[in-house]
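In what follows, a structure is listed as structure tokens, so that the remarks can point back to it.
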Amino acid sequence: MFCSLPSVSADTHLDYSKVFPSKDIFLPGDWFVGATPAQIDSTKLPIVFVQGKNGKANDWYEDTYYHGKNNMYDLAYHAGYQTAFVQLYDAAGAGSVSPWTNGKLLAEKLEAISQHFGKKVNIVAHSKGGIDTQAALVQYGAYRFVDKVITLGSPHHGTHLADLAYSWWAGWLSSLLGQQDEGTYALQTGEMARFRSIIDTNPVINSNQYYTLAGTSWGPTFSALSMGGLYLSPYGNNDGLVSEWSTALPYGVHLFSDPTLDHDSIRTGTAVFARIEPYLQKKEMGKERLSSSSLMNKSYTALDTTENQTVLGGELIPHQDNYATFSVDTLTSGTVSILTANKQIEVQLISPTGTVYNKQEAVLTADKDTFFKGASIHTFQLKSMEIGEWKIKMNTAVKDAYLAIVQYQQEAPFRLKIPAKTKADAAKVQMQSVNEKSVEAENVSMTVRVVNQMGTLVSQSTGIQQLDANTLSTMVQHVEQSGVYNLTIDVKGKNESGHPYTRTIIRSMYIEK
Numbered sequence: 059m060f061c062s063l064p065s066v067s068a069d070t071h072l073d074y075s076k077v078f079p080s081k082d083i084f085l086p087g088d089w090f091v092g093a094t095p096a097q098i099d100s101t102k103l104p105i106v107f108v109q110g111k112n113g114k115a116n117d118w119y120e121d122t123y124y125h126g127k128n129n130m131y132d133l134a135y136h137a138g139y140q141t142a143f144v145q146l147y148d149a150a151g152a153g154s155v156s157p158w159t160n161g162k163l164l165a166e167k168l169e170a171i172s173q174h175f176g177k178k179v180n181i182v183a184h185s186k187g188g189i190d191t192q193a194a195l196v197q198y199g200a201y202r203f204v205d206k207v208i209t210l211g212s213p214h215h216g217t218h219l220a221d222l223a224y225s226w227w228a229g230w231l232s233s234l235l236g237q238q239d240e241g242t243y244a245l246q247t248g249e250m251a252r253f254r255s256i257i258d259t260n261p262v263i264n265s266n267q268y269y270t271l272a273g274t275s276w277g278p279t280f281s282a283l284s285m286g287g288l289y290l291s292p293y294g295n296n297d298g299l300v301s302e303w304s305t306a307l308p309y310g311v312h313l314f315s316d317p318t319l320d321h322d323s324i325r326t327g328t329a330v331f332a333r334i335e336p337y338l339q340k341k342e343m344g345k346e347r348l349s350s351s352s353l354m355n356k357s358y359t360a361l362d363t364t365e366n367q368t369v370l371g372g373e374l375i376p377h378q379d380n381y382a383t384f385s386v387d388t389l390t391s392g393t394v395s396i397l398t399a400n401k402q403i404e405v406q407l408i409s410p411t412g413t414v415y416n417k418q419e420a421v422l423t424a425d426k427d428t429f430f431k432g433a434s435i436h437t438f439q440l441k442s443m444e445i446g447e448w449k450i451k452m453n454t455a456v457k458d459a460y461l462a463i464v465q466y467q468q469e470a471p472f473r474l475k476i477p478a479k480t481k482a483d484a485a486k487v488q489m490q491s492v493n494e495k496s497v498e499a500e501n502v503s504m505t506v507r508v509v510n511q512m513g514t515l516v517s518q519s520t521g522i523q524q525l526d527a528n529t530l531s532t533m534v535q536h537v538e539q540s541g542v543y544n545l546t547i548d549v550k551g552k553n554e555s556g557h558p559y560t561r562t563i564i565r566s567m568y569i570e571k
């Protein structure tokens, strides 16, 4: 469906009930143009807005999750830009699809939109919309209809939250919430490493100029974004869903990273339109190539981070007490977040000495916009966590599942090296002590669970090899075919004082057989 809209005076408040189709009739493949500005600036190319995961076209002119109405379209209109909006498959409300699927549809619509305006267009894309856009331009040839692309918080190298959603521990909850879909799978760091190897090596990648933006705020306190930001914090600055390093492209220009913007606000006109418009106004790039982002000075083929969290999860049996345990080795502050499908669950956090923290002492929030959409989150913030074994006690009256994430505000005991893309015979995980002190294999246990795209456990191993005085290694086993595999690595060890600790590392890896 195509819809053309009348011009509206620049002094008139835009009545969206008259300007845009009803949100109830949005269908994948529909596209429509915004109102024609009273005075069109012919030197400005039209803007096509591409929304993110699970998004719809009205994400650009209706309410955001946390920051009120998005005025991106209003500002573009009053600045004299013609605009267009596209509904991709995610708009159907049945989950998100892969960039390849959305990209093919978007490529068809970009050709039609370009023909409608009689010129090339520029694209402003949010989050996964930037990935869908690259698939359309590079894989499906739509680069011919586009000049510049500006991506807002796009996870060009994936996000570890997608890895978490496909992990061994999160499988029960993700399945119950219906959040293990093509779009989530595609945003795993391993799958995006494969995507980059296809897209970035295609010569037509140089046919368009790319500009990237990032935010580094975690959004409102105790929001789902703040929980995501805390989970991603070991990997550097992030906007609550996407790490800053993932937003840049080696052949693009990173315009800015803003500490006041989160993953929701970065798509709003108030936050970014005035800052990106100078780049939208530039003439067609032709042969122009600008300098790459300084964020890309590091390699993303090997992820090297400290680990300071424990992840647990599984099915909850109704009408009985369900327990999860973790060990704390040092007096430290920490955060315990417990995600469930049912908010009526009874939750208690029990310290090693028997102190009980009831659900009334936790903050309850709803996950509306992340990889666990529909989940209820109980968050306990503790200024001083006792040394020893902690218990999470849960009781539910209905079928449910949980995912518990424990974050420690202390120095991590080790550093991990895992490639995002590798050959099967070189698929290994290395663990190094962070303080250059020796670590003995007999003092550490490492359980590696490997899950395939279907969520099936394909291997579970515990073997560790001592490489040198402070490095341990283990191989990823029983990989029978090429693809993305999710690794959940549970580490148990003891600190210098002999107190046990538990840590969890979750990564995805593209393994070529």
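According to my numbering, the stretch in the sequence shown is residues 59 to 571, in order. We put the CB at the ideal spot given by N, CA and C, even for glycine. Note that the coordinates shown come from a computational prediction; the quantities given were computed from them, not determined experimentally.
Per DSSP, reduced to three states, the secondary structure at F203 is helical. Note on the segment 115-173: whole alpha helix (DSSP H) runs with a minimum of 4 residues are 130-136, in chain order.
For D316, DSSP records a beta bridge to G273. When the alpha-carbon of V534 is set against those of L525, G541, V369, Q518, the nearest one is in Q518. Counting along the chain, Q518 sits inside no alpha helix (DSSP H); it lies in the beta strand (DSSP E) bounded by residues 515-519.
The beta-carbon separation of T305 and T270, rounded to 5 Å, stays under the 8 Å limit for a contact. Scanning S281, N296, W448, Y198 for the CA closest to the CA of N260 turns up Y198.
Using a Cβ distance threshold of 9 Å, M130 and I189 do not count as a contacting pair. Residue burial annotation: S442 is exposed, with fewer than 16 other C-beta atoms found within 10 angstroms of its C-beta. Between Y268 and the set I445, F430, V204, the nearest pair of CA atoms involves V204.
CA-to-CA, the gap between T101 and Q339 works out to about 7 Å. Its Cα nearest to that of G371, the residue L234 stands out among L234, A470, H214. In the three-state reduction of the DSSP assignment, E240 falls in the helix class, which pools H, G and I. Look at W227 here: in three-state DSSP terms it is coil, with no helix or strand label. S212 has its alpha-carbon roughly 10 Å from the corresponding atom of Q109.
Scanning its chain for C-beta atoms nearer than 7 Å, with the 5 sequence neighbours on each side dropped, one finds around V196 the residues I257, N260, V262, I263, in chain order. With a beta-carbon spacing of about 7 Å, W448 and T383 fall inside the 8 Å limit used to define contacts. In the DSSP assignment, E373 forms a beta bridge with A459. Here the alpha carbon of Y119 sits roughly 42 Å from the alpha carbon of N453. Fully enclosed beta strand (DSSP E) runs of no fewer than 3 residues occupy 472-477, 479-481, 486-491, 503-509, 515-519, 523-526, 529-533 of the segment 471-545, in order along the chain.
In the DSSP assignment, T411 falls outside any alpha helix (DSSP H) and carries neither an H nor an E. Boundaries of the beta strand (DSSP E) around G392: 390-398. With contacts defined as CB atoms closer than 9 Å, S395 and L440 fail to qualify as a contacting pair. Excluding residues up to 5 positions away in sequence, L210, G211, G273 lie with their Cβ nearer than 6 Å to the Cβ of I324 in the same chain. Measuring C-alpha to C-alpha distances from D379 to each of W276, N128, A459, G248 identifies A459 as the nearest. Inclusion of K550 and S503 in the CB contact set at 9 Å is warranted, their separation being smaller than that value. Excluding sequence positions up to five before and after L133, its CB lies within less than 7 Å of the CB of G327, F331, all in the same chain and listed in chain order. About 10 Å separates the Cβ atoms of I569 and A478, ruling out a contact at the 8 Å cut-off.
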